[in-house]
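Trainee:
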Amino acid sequence: MTADSKPRTAQARGLDAGLDALPRGIEPERDLWPSIEARLEPRGERAGRRWFWPAAAAVLLVAGSSLVTAVLLHRDEPLVARQQSANGPVSYAAAAFGPGQTLDPTYAAAREELARTLSARIDRLPPGARRKLEQNLAELRRASAEINAALELSPGDPLLEELLLSTYQEELAVLASVNQLTGGNGAGPIDATRMQL
Amino acid sequence: MTIRNQPVRPLTAARTWVALALLAGPAALAGTPINERKAADPTGHVEVSNTAGSVEVTGWARGEIEVTGELGDGVERLEFSQSGKLTRIKVIMPNRSSRVESTDLVVKVPAGSSLFVNTVSADVRAQGVRGSQRLQSVSGDIGTEAAAEDVECKTVSGDVVVNGTGHRGLLNVTTVSGDATVSRVSGEVNGNTVSGNFTITAGATGRSRLRSTSGDLGLKGKLDADARIDFESISGDVRLDLAGPVGAEFEVSSFNGEIRNCFGPKPVRTSEYAPGTELRFREGQGTGRVRIKTLNGDISICNK
Amino acid sequence: MTEHGGGSEFERARRAAEERALVDSAKRGSKAAFEALYHNHVGKVYGLCLRMTAHRATAEDCTQEAFIQAWRSLPSFESRSAFGTWLHRIAVNAVLAHGRRTRERLGSEGSAEDEAVALADPTVADDGTIVDLEAGIRRLPAGARQALVLVGLYGYSHEEAAGLLGIAVGTCKSQVHRARQLLGERLDASEVTQ
């Protein structure tokens, strides 16, 4: 603080004293516990909660699946998550979004649908590309695991949440992208073994 | 304008081979020479499909499409068909399993055409095409020029090189592991990669949004006065080498990475209780905005 | 962060041990234990939320969100830091997250500030200073208010507060300064005692 004239210094001291004297705690006017308790999930189950897509997030791919397109456009609305989906035929585990939350089921369904289609088509990829794709999908899963772990220690951290959302969107975009790229170039099923690649 | 920085095998070898083959006669060839032409709408749509080998598309002033090159041995046939303003050029593979050689397609199209190219491992090169472009390959490399229309390049493991021509357009580049280099592009650049490195150089960057998981992101060049830069990476490093006067607000944050700033202000810890550093400052007069976020990647912001 | 504890060393140690037991129990799933933690900490959480949002209904929402988030995250909470500190941080994030959602929905500075319903009319208590200051804080512009509440009341450093609020440290300091000036001016007439 710059040199103050005496009255300001007195004011500043008085303000400090006033701030110090303010009670840190204020009891709410009504008991909030009942409404809190109603929303506490029993330990052991993971139920989702309402969360929002950041309005600024954008996904760059247009996929063939209308379900995926619908998810990608659903960016500004609150999406309520429910129980995580049961284990399906896909190798991708249902995704967490920070402690105690799971991804919106519509999103999870789009992700599973793409993953399923991709598993069927992955043989169409030349071996080198297939290996790279699998490595990169594994990398995306590692990234989301790492961010989820960081969120356990810093729940609600906005940087972490944004990076996590971005990673899930990236994964969805990669799945959509590869599905599109292997969706047939009109030349019939591609037999990678027959080609000089 | 030529396309520089090609990191892949040049096409000149194939073309030389074709030229020699035409002189020598078909019996000396492993593949079959292609030489076909059709009249075409100056702003029509051209689709080219190939599996392995190469596709080279050049825009020219004639109202015609010319297809030359060499059809690989074992390929069933080349489809070259038209329906209204749409022209399709496709390498058709046989249904029976047999060894198939790669095909090199050299295509010339009216410069105002829009272009869609789809390959599996064939490299793709385009230049002088002024309509919108969508170039896709699973593992082939992609190189093109960006004019005023939208350009989209998508690949899993191939590399992408895009050179601008001074117009402001929209460019979307997506790779999974391939690297991407975008030069002299103004307008809007959106890039998405998992492990590839993505570099934007020597343009006046307007809007640019890059995302990577582990690939490095780089921007070298000037910022428009109202630039919107939004770079995000999980573990890749982000590096800005800014030229000329900089006028922008910077919001930079990293959970575990280091932030280095040549413009003065130093990053601060976001909390005593959790990792994370953050840097917010304003440089110069413009209304630009630069946002950079990483989990583990280091961030460096410098003036060249 | 400052803790307003009273009593002897022994009292504090006893309370700390009690709290650790409650936290352990709540971690394993005891809602009763969590309820006890709620009662021990709701005042401070609500106090922070109310002063930062200057809007009672919003503060109640943020308080609930904070406890619910804390319950969810409790399995990964380790007792090396104090539960109250950890909970407080969750509360700050809840307030700011609410603010972001509101701004995004409205595309402006948010209705919480615009429509801040006046709390109970300030009455002049025997200690007139406290009531006036509380009201003065409530009337501050949002940015200055939040910075002052975090730094001047709840003991966050400027760096921490800036990080939480998403502003530059310099901006945080000037917001706190601005808040103090406004409060000083507003308290001018009411004879702040020293």
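Chains as they are written, first to last, in the working numbering: chain A, 1 to 197; chain B, 1 to 304; chain C, 1 to 194. Virtual Cβ for every residue (Gly too), placed ideally from N, Cα, C.
Which first and last residues belong to the beta strand (DSSP E) in which A:P28 is found?
Mentor: Position 28 of the first sequence, counting from 1, holds the residue named residue 28 of chain A. Segment: none, A:P28 is in no beta strand (DSSP E) and carries neither H nor E.
Trainee: For the candidate residues C:R100, C:V95 and C:F77, whose alpha-carbon lies nearest to that of C:V23?
Mentor: In the third sequence, the residue the question calls residue 23 of chain C occupies position 23. Ranking C:R100, C:V95 and C:F77 by Cα distance to C:V23 puts C:F77 first.
Trainee: Distance cutoff 8 Å, beta carbons only. Does C:A162 sit that close to anything in chain B?
Mentor: Walking along the third sequence from the start, residue 162 of chain C turns up at place 162. Chain B, which has a Cβ nearer than 8 Å to the Cβ of C:A162, makes this yes.
Trainee: Going by the DSSP bridge assignment, what does B:W311 pair with across the sheet?
Mentor: This structure leaves residue 311 of chain B out entirely; chain B is present only between 1 and 304.
Trainee: What number of angstroms, rounded off, separates the C-alpha of A:A120 from the C-alpha of B:I301?
Mentor: As a first step, residue 120 of chain A is located in the first sequence; it is residue number 120 there, counting from the start. As a first step, residue 301 of chain B is located in the second sequence; it is residue number 301 there, counting from the start. For A:A120 and B:I301, the distance between alpha carbons rounds to 44 Å.
Trainee: Anyone know if the C-beta pair for B:A202 and B:S183 falls short of 8 Å?
Mentor: As a first step, residue 202 of chain B must be located in the second sequence, where it is residue number 202. As a first step, residue 183 of chain B must be located in the second sequence, where it is residue number 183. Yes. Within cutoff.
Trainee: Under three-state DSSP, which class holds C:D10?
Mentor: Working through the third sequence from its first residue, we reach residue 10 of chain C at position 10. Per the sequence presented here, residue 10 of chain C reads as Phe, with Asp not at that position. Here C:F10 sits in helix by DSSP.
Trainee: Contact check, A:A143 vs A:T167 under 8 Å by CB: the rounded distance?
Mentor: As a working mapping, residue 143 of chain A is identified with position 143 in the first sequence. As a working mapping, residue 167 of chain A is identified with position 167 in the first sequence. A:A143 to A:T167, Cβ: 5 Å. Contact.
Trainee: Taking the alpha carbon of B:T105 as the reference point, which residue from B:L71, B:L115 and B:A225 has its own alpha carbon closest?
Mentor: What you label residue 105 of chain B is simply residue 105 of the second sequence in a count that begins at 1. Per the sequence shown, residue 105 of chain B should be read as Leu rather than Thr. The shortest C-alpha separation from B:L105 is found at B:L71.
Trainee: Nearest to C:H88 by alpha carbon, out of A:R24, A:R30 and A:Q169?
Mentor: What you label residue 88 of chain C is simply residue 88 of the third sequence in a count that begins at 1. Taking only the C-alpha atoms, the option nearest C:H88 is A:R24.
Trainee: Under 8 Å, Cβ to Cβ, is there at least one residue of chain A near C:S108?
Mentor: By one-based count along the third sequence, residue 108 of chain C stands at place 108. The predicted model places C:S108 with a pLDDT of 40, which falls under 50 and marks its position as unreliable, so this point remains unresolved.
Trainee: What residues of chain B sit near C:I167, judged by a beta carbon separation below 9 Å?
Mentor: As a working mapping, residue 167 of chain C is identified with position 167 in the third sequence. Those are R280, listed as they occur along chain B.
Trainee: Could you tell me whether any Cβ in chain B is nearer than 8 Å to the Cβ of A:V80?
Mentor: One-based indexing of the first sequence puts residue 80 of chain A at position 80. Confidence at A:V80 is low in this model, with a pLDDT of 27, below 50, so the placement of that residue should be treated as unreliable; the coordinate-derived value is given next. So, not an interface residue.
Trainee: C:L153 and A:L19 look like a contact to me (Cβ under 8 Å); what is the Cβ gap, rounded to whole Å?
Mentor: Walking along the third sequence from the start, residue 153 of chain C turns up at place 153. Walking along the first sequence from the start, residue 19 of chain A turns up at place 19. At roughly 6 Å, the Cβ-Cβ gap stays under 8 Å, so C:L153 and A:L19 are in contact.
Trainee: What residues from chain C crowd round B:T270, counting only those whose CB sits closer than 9 Å?
Mentor: Position 270 of the second sequence, counted from the start, is the residue given in the question as residue 270 of chain B. The answer, in chain order, is E159, E160, A162, G163 and L164.
Trainee: Would you report the Cα separation of C:H243 and B:T294, rounded to the nearest angstrom?
Mentor: This structure gives no information on residue 243 of chain C, because the portion of chain C shown stretches from 1 to 194.
Trainee: If we call anything under 8 Å between Cβ atoms a contact, is C:S73 one with A:P158?
Mentor: Taking the first residue of the third sequence as position 1, residue 73 of chain C is located at position 73. Taking the first residue of the first sequence as position 1, residue 158 of chain A is located at position 158. No. Outside cutoff.
Trainee: From the DSSP secondary-structure annotation, give me the bridge partner or partners of B:D230.
Mentor: As a position in the second sequence, residue 230 of chain B is number 230, starting the count at 1. DSSP lists B:R209 and B:R291 as partners of B:D230.
Trainee: Of the residues that make up the region 170 to 182 of chain A, which ones have a beta carbon closer than 8 Å to any beta carbon in chain B?
Mentor: Cβ contacts with chain B: E170, A173, V174, S177, V178, Q180, L181 and T182.
Trainee: By Cβ distance below 6 Å, which residues in the same chain neighbour B:I219 in space, the five residues on each side in sequence not counted?
Mentor: The residue labelled residue 219 of chain B in the question sits at position 219 within the second sequence. Reading off the sequence shown, one finds Leu at residue 219 of chain B, where the question assumed Ile. Correct list, in chain order: I200 and L240.
Trainee: From C:E160, C:W71, C:V95 and C:E11, pick the residue whose C-alpha is nearest to that of C:R28; which is it?
Mentor: In the third sequence, the residue the question calls residue 28 of chain C occupies position 28. Among C:E160, C:W71, C:V95 and C:E11, the Cα nearest to that of C:R28 belongs to C:W71.
Trainee: Is B:R130 closer than 8 Å to B:G59 when the C-beta atoms are compared?
Mentor: The residue given as residue 59 of chain B occupies position 59 in the second sequence. The residue given as residue 130 of chain B occupies position 130 in the second sequence. Yes, they are a contact pair.
Trainee: Cα separation between C:A97 and B:T181?
Mentor: Along the third sequence, one-based indexing puts residue 97 of chain C at 97. Along the second sequence, one-based indexing puts residue 181 of chain B at 181. Distance between the alpha carbons of C:A97 and B:T181 is about 37 Å.
Trainee: Using a 10 Å radius around the Cβ and a threshold of 16 neighbouring Cβ atoms, would you call C:R14 buried or exposed?
Mentor: Position 14 of the third sequence, counting from 1, holds the residue named residue 14 of chain C. C:R14 comes out exposed.
Trainee: If you count every other CB in all the chains shown that lies within 10 Å of the CB of C:Q69, and 16 or more means buried, which is it?
Mentor: On the third sequence, residue 69 of chain C is found 69 positions in, with the first residue counted as 1. It is buried - the Cβ of C:Q69 has at least 16 other Cβ atoms within 10 Å.
Trainee: Examine chain B for any beta-carbon lying closer than 8 Å to the beta-carbon of A:P126, and answer yes or no.
Mentor: Taking the first sequence and counting its residues from 1, one reaches residue 126 of chain A at position 126. Yes, because at least one Cβ of chain B sits closer than 8 Å to the Cβ of A:P126.
Trainee: For my contact list, B:Q136 and A:L181 are in at a C-beta cut-off of 8 Å; report their separation, rounded to the angstrom.
Mentor: Residue numbering aside, residue 136 of chain B sits at position 136 when the second sequence is read from its first letter. Residue numbering aside, residue 181 of chain A sits at position 181 when the first sequence is read from its first letter. Contact holds; Cβ gap of about 6 Å.
Trainee: Determine the chain B residues that contact A:L140 at a beta-carbon separation under 9 Å, and present them in chain order.
Mentor: Within the first sequence, the letter at position 140 stands for residue 140 of chain A. Ordered by position in chain B, the residues that pass the 9 Å Cβ test against A:L140 are V194, T213 and I234.
Trainee: Hey, how far is the Cα of C:L48 from the Cα of C:L133?
Mentor: For the purposes of this step, residue 48 of chain C is identified with residue 48 of the third sequence, where counting begins at 1. For the purposes of this step, residue 133 of chain C is identified with residue 133 of the third sequence, where counting begins at 1. Taking the straight line joining both Cα atoms gives about 15 Å.
Trainee: Could you tell me the distance, in whole angstroms, from the CA atom of A:A129 to the CA atom of C:H41?
Mentor: Against the first sequence, residue 129 of chain A aligns to sequence position 129. Against the third sequence, residue 41 of chain C aligns to sequence position 41. Looking at the two C-alpha atoms, the distance is approximately 55 Å.
Trainee: How far does the alpha helix (DSSP H) with A:I36 in it extend, from its first residue to its last?
Mentor: Start at 1 with the first residue of the first sequence, and residue 36 of chain A comes out as number 36. Element bounds for A:I36: W33 to A38.
Trainee: Among all the DSSP beta bridges, which residues are the ones paired with B:F198?
Mentor: Reading the second sequence from its first residue, position 198 is the one you call residue 198 of chain B. DSSP lists B:A180 and B:L217 as partners of B:F198.
Trainee: If the criterion is Cβ atoms closer than 8 Å, does the pair B:M93 and B:E66 meet it?
Mentor: Numbered from 1 along the second sequence, position 93 holds the residue referred to as residue 93 of chain B. Numbered from 1 along the second sequence, position 66 holds the residue referred to as residue 66 of chain B. Not in contact: B:M93 and B:E66 (Cβ atoms no closer than 8 Å).
Trainee: Excluding five sequence neighbours on each side, which residues of the same chain lie with their C-beta closer than 7 Å to the C-beta of B:G169?
Mentor: Translated into the one-based positions of the second sequence, residue 169 of chain B becomes position 169. These residues qualify, in order along the chain: A146, A147, A148, E149, D150, V151 and G187.
Trainee: Just the Cα atoms here: how many angstroms apart are B:R282 and B:F250?
Mentor: In the second sequence, the residue the question calls residue 282 of chain B occupies position 282. In the second sequence, the residue the question calls residue 250 of chain B occupies position 250. Whole-angstrom Cα-Cα distance: 6 Å.
Trainee: How is the alpha helix (DSSP H) around B:S121 delimited, first residue to last?
Mentor: As a working note, residue 121 of chain B is residue 121 in the second sequence. It is not in any alpha helix (DSSP H) - B:S121 carries neither H nor E in the DSSP assignment.
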